[in-house]
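So for the sequence shown, the working numbering puts the first residue at 564; every next one is plus one.
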Amino acid sequence: MAESRIELGPDADHVIVSINPKAGKKLPRERIDRFKTSLRDRGVTVEEMTDLTEIAARANDLHDQGRLRALVGVGGDGTAAELVNRTKQGVPITLFPAGTANLIGKYFGLCSKRLGRGRRPEWLADVVMEGRLLQFDAGLASGRLFLVVMSCGLDAEVVRRVHEYRTTNSRGGHISYRTYLKPILSAIRAYDYPTCHISWYSDESSVEEPEGETRDARWGFIFNLPCYGWGLPLAPRAKGTDGLMDLCSFSGRSLFRGLKYVVQAHCGSVHRFSRQCTMATSPKYRVESSEPVPYELDGDPGGVLPVEIETLPGRVTFVVPEKAWKRCSDEAK
Numbered sequence: 564m565a566e567s568r569i570e571l572g573p574d575a576d577h578v579i580v581s582i583n584p585k586a587g588k589k590l591p592r593e594r595i596d597r598f599k600t601s602l603r604d605r606g607v608t609v610e611e612m613t614d615l616t617e618i619a620a621r622a623n624d625l626h627d628q629g630r631l632r633a634l635v636g637v638g639g640d641g642t643a644a645e646l647v648n649r650t651k652q653g654v655p656i657t658l659f660p661a662g663t664a665n666l667i668g669k670y671f672g673l674c675s676k677r678l679g680r681g682r683r684p685e686w687l688a689d690v691v692m693e694g695r696l697l698q699f700d701a702g703l704a705s706g707r708l709f710l711v712v713m714s715c716g717l718d719a720e721v722v723r724r725v726h727e728y729r730t731t732n733s734r735g736g737h738i739s740y741r742t743y744l745k746p747i748l749s750a751i752r753a754y755d756y757p758t759c760h761i762s763w764y765s766d767e768s769s770v771e772e773p774e775g776e777t778r779d780a781r782w783g784f785i786f787n788l789p790c791y792g793w794g795l796p797l798a799p800r801a802k803g804t805d806g807l808m809d810l811c812s813f814s815g816r817s818l819f820r821g822l823k824y825v826v827q828a829h830c831g832s833v834h835r836f837s838r839q840c841t842m843a844t845s846p847k848y849r850v851e852s853s854e855p856v857p858y859e860l861d862g863d864p865g866g867v868l869p870v871e872i873e874t875l876p877g878r879v880t881f882v883v884p885e886k887a888w889k890r891c892s893d894e895a896k
């Protein structure tokens, strides 16, 4: 595994702020401007950009020159994943939390309930200036990187329906937790809980010549970080610096079973001891089904099974607060 802590060079004096123009009125415009002003007051060159292709090209170029201090995505988990997928390994990325779930932001201490979706903009500018860089793993699923979780089952069907709503909704692509209500209800009525076959392999084996185990499941989750919606601790031992992904799957075929798993997970993670639950760790997995089952990556649609998943150690470089930097790098030792 790669060293989890690295440092910025002395010439890293540029920050790119990536903005999604479709967010429109939902953007925390006043807070973004305060963040940019705070950085400029400290002698940093700040560029605000909106086109993802141009953002990636500019970030890669500045990184190659040793001048990029941070690429800051205004958004949530999907924003972080999109930036990682479009930039070179080593490009320092962080988030200005403005998404719905913000699992990554919460995990690295970039969010604060007391102060709303994110901490004070000046505080985030302090984090960028301190330049604490943490390298952690990413998952590769059929050519696309993900940072938190891949899942298949009812929740992936909900994600698929939410995405369909976002792309056909005349009001634009911004969503909130209320956006999920109608897709959840429609998915519950229609979903048939098809069987997924989940296989995992050792470091030495490959999906072409497997040496591992296979389980059937109706719900499947493969975690890079120990984060899930509503704080559900499905894989509390997952670490983003161990070169492995953590599997949590369930075999129950009903909404009632799913609710039971949720209660068990919230009660001290006792779901791990259920006969219907499988927990495992592996650097690579394959998930398939005889039926057209959707899967999701970090809250965005990933496609339809089958999917092959591989861990890429140290693929992501993130700018984090000192507390998260110490905690995660100590876990990697």
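Idealized CB from N, CA, C, for every residue including glycine. Note that the structure is a prediction, hence the values are computed from the model and not measured.
Residue state for phenylalanine 836 is assigned as helix, using DSSP reduced to three classes. Put simply, of Ser845, Leu697, Phe659, Glu570 the residue whose alpha carbon is nearest the alpha carbon of aspartate 596 is Phe659.
With fewer than 16 other beta carbons inside 10 angstroms of its own, cysteine 830 counts as exposed. Boundaries of the alpha helix (DSSP H) harbouring tryptophan 686: 684 to 693, taken from the DSSP string. The alpha-carbon separation between aspartate 755 and cysteine 674 amounts to approximately 37 Å.
Here alanine 750 is not near leucine 797, since their CB atoms are 8 Å or more apart. Rounded to whole angstroms, isoleucine 582 and tyrosine 670 show a C-alpha spacing of 22 Å. Of the other Cβ atoms in all chains shown, 16 or more fall within 10 Å of the Cβ of lysine 599; this residue is therefore buried.
Looking at the DSSP output, cysteine 830 shares a beta bridge with no other residue. For glycine 641, the uninterrupted alpha helix (DSSP H) run begins and ends at 640 to 649, by DSSP. In this structure, glycine 877 places its C-beta atom within 8 Å of the C-beta atom of aspartate 700. With a threshold of 16 other beta carbon atoms within 10 Å, leucine 744 falls short and is exposed.
DSSP lists Trp782, Cys840 as the bridge partner or partners of phenylalanine 813. In the displayed model, cysteine 790 falls within coil according to three-state DSSP, outside both helix and strand.
DSSP places lysine 823 in the helix class (H, G or I) of the three-state scheme. Per DSSP, the continuous beta strand (DSSP E) segment holding isoleucine 872 begins and ends at 870 to 882.
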